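Asker: After the structure tokens below, expect a handful of questions from me.
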Amino acid sequence: MLKEERLSTIMDILDASGVLTVKSIVKKLEVSDMTIRRDLDELSKLGKVIRIHGGAQSLNHYRHDELSHIEKQEIHIAEKLEVAEAASRLIHEGDSIFLGPGTTIELIVKFINVSSLRIVTNSLPVFNLLEQKNEDFDTYLIGGSYRKKTGAFVGSIANDAIDKLKVEKAFIGVNGIKKNSVFTANIEEGSIQSLVLKNARAKFIVCDYHKFNKEDFYNFYHLSEVDQIITNSNTEEKLLEEYKKYVSIMCSKK
Numbered sequence: 018m019l020k021e022e023r024l025s026t027i028m029d030i031l032d033a034s035g036v037l038t039v040k041s042i043v044k045k046l047e048v049s050d051m052t053i054r055r056d057l058d059e060l061s062k063l064g065k066v067i068r069i070h071g072g073a074q075s076l077n078h079y080r081h082d083e084l085s086h087i088e089k090q091e092i093h094i095a096e097k098l099e100v101a102e103a104a105s106r107l108i109h110e111g112d113s114i115f116l117g118p119g120t121t122i123e124l125i126v127k128f129i130n131v132s133s134l135r136i137v138t139n140s141l142p143v144f145n146l147l148e149q150k151n152e153d154f155d156t157y158l159i160g161g162s163y164r165k166k167t168g169a170f171v172g173s174i175a176n177d178a179i180d181k182l183k184v185e186k187a188f189i190g191v192n193g194i195k196k197n198s199v200f201t202a203n204i205e206e207g208s209i210q211s212l213v214l215k216n217a218r219a220k221f222i223v224c225d226y227h228k229f230n231k232e233d234f235y236n237f238y239h240l241s242e243v244d245q246i247i248t249n250s251n252t253e254e255k256l257l258e259e260y261k262k263y264v265s266i267m268c269s270k271k
């Protein structure tokens, strides 16, 4: 089987099933483990599949199950770092900010380069990273019902706390953006993110370009009510023009 035919076949199999392991593709196509790994890496670099630990996920198959926090950490790392660094440049001395759950948001912490900051978060991983950074920030961890899948605190207790707070800037991660809708995988996470955005003076959606034209379970906000999307420098111009109808877009610089 020629390489082009093999890549096309892998895409067809993935689109039909949603997620496949390297082992299962090797069995179906009867080629070596290393060949399939190289194929999946190439398809991932082309933005045609999502590379996950031990296999790949289709971009076109609707997932009913949410990726785990560890799985999300392992995909599109270079793109996430690029976007996180760009988002960090919007954080200034003395700001009051909210950092939501999500692996791209967690990476923002790595790039924060100010000494005076008030940070509110409902993400335990974000809070732990801030503690490791060992800066004298004024940090507030919002409690509530704990979602192990994402490391976020959600529910009525978290919502009540957030509803009383105002921040200058909110940085929110998403599972998908399609037309004027912003999506996440969980209703309770979406509810608290919606409250945060309502109470923020400046509202930022932080996502790599793979999240465009994707839906998930819960539509929690309108894109036209957001101030800006922060995304990758290599996002296709056609895609940018499509979404500039709804919102300002800032592309990171490599």
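Per this note's numbering, the very first residue in the sequence shown carries number 18; after that it's consecutive.
Idealized CB from N, CA, C, for every residue including glycine.
None of the values given here were measured: they were computed from a predicted structure.
1) For the alpha helix (DSSP H) that Lys127 lies in, which residues bound it at each end?
2) Could you check whether Arg23 and Val39 sit closer than 9 Å to each other, using their CB atoms as the reference points?
3) When burial is assigned at 16 or more other CB atoms within 10 Å of the CB, is Asn151 buried or exposed?
4) Can you check DSSP and say which residues form a bridge with Ala217?
5) Return helix, strand or coil for Ile108, following the three-state DSSP convention.
6) What is the residue span of the alpha helix (DSSP H) that Tyr260 lies within?
7) Please classify Ala95: does DSSP put it in a helix, a strand, or coil?
8) What does DSSP give as the partner residue(s) for Val171 in the beta ladder?
9) Could you have a look at Val36 and say whether DSSP puts it in helix, strand or coil?
10) Expressed to the nearest angstrom, what Euclidean distance is found between the alpha-carbon atoms of Ser41 and Glu96?
11) Helix, strand or coil for Tyr314, going by three-state DSSP, please let me know.
12) Can you say whether Ser265 is buried or exposed, counting buried as having 16 or more other CB atoms within 10 angstroms of its CB?
13) So, at 7 Å on beta carbons, what are the nonlocal neighbours of Gly160 in its own chain, with the 5 sequence-adjacent residues on each side left out?
14) Put Tyr311 into one of helix, strand or coil per three-state DSSP.
15) Considering only DSSP beta bridges, list what Ile179 is partnered with.
16) Does the stretch 138-154 come within contact of the stretch 241-254, defined as at least 3 CB pairs closer than 8 Å?
Answerer: This is what the structure gives:
1) In the sequence shown, the residue the question calls residue 127 occupies position 110. 120-128 is the span of the alpha helix (DSSP H), which, as asked, contains Lys127.
2) Position 22 of the sequence shown, counting from 1, holds the residue named residue 39. Position 6 of the sequence shown, counting from 1, holds the residue named residue 23. Contact: no.
3) Sequence index remark: in the sequence shown, residue 151 carries index 134 (1-based). When all chains shown are included, Asn151 counts as exposed.
4) Position 200 of the sequence shown holds residue 217. In DSSP, Ala217 forms a bridge with Val184.
5) Sequence index remark: in the sequence shown, residue 108 carries index 91 (1-based). Three-state result, Ile108: coil.
6) Locating residue 260 in the sequence shown gives position 243, where the first residue counts as 1. From DSSP, the alpha helix (DSSP H) with Tyr260 extends over 254-260.
7) Position 78 of the sequence shown, counted from the start, is the residue given in the question as residue 95. Here Ala95 sits in helix by DSSP.
8) Here residue 171 is taken as the residue at index 154 of the sequence shown, counted from 1. Ser162.
9) What you label residue 36 is simply residue 19 of the sequence shown in a count that begins at 1. Reduced to three states, the DSSP call for Val36 is strand.
10) Translated into the one-based positions of the sequence shown, residue 41 becomes position 24. Translated into the one-based positions of the sequence shown, residue 96 becomes position 79. If I take the Cα positions, the gap works out to 28 Å.
11) In this structure the chain extends from 18 to 271, so residue 314 is not present and cannot be described.
12) Working through the sequence shown from its first residue, we reach residue 265 at position 248. Result: exposed.
13) Residue mapping note: residue 160 aligns to position 143 of the sequence shown, counting from 1. Correct list, in chain order: Phe170, Ile174, Ala175.
14) The requested residue 311 does not occur in the structure, where the chain is confined to residues 18 to 271.
15) For this step, residue 179 is matched to residue 162 along the sequence shown. None; Ile179 has no bridge partner.
16) no
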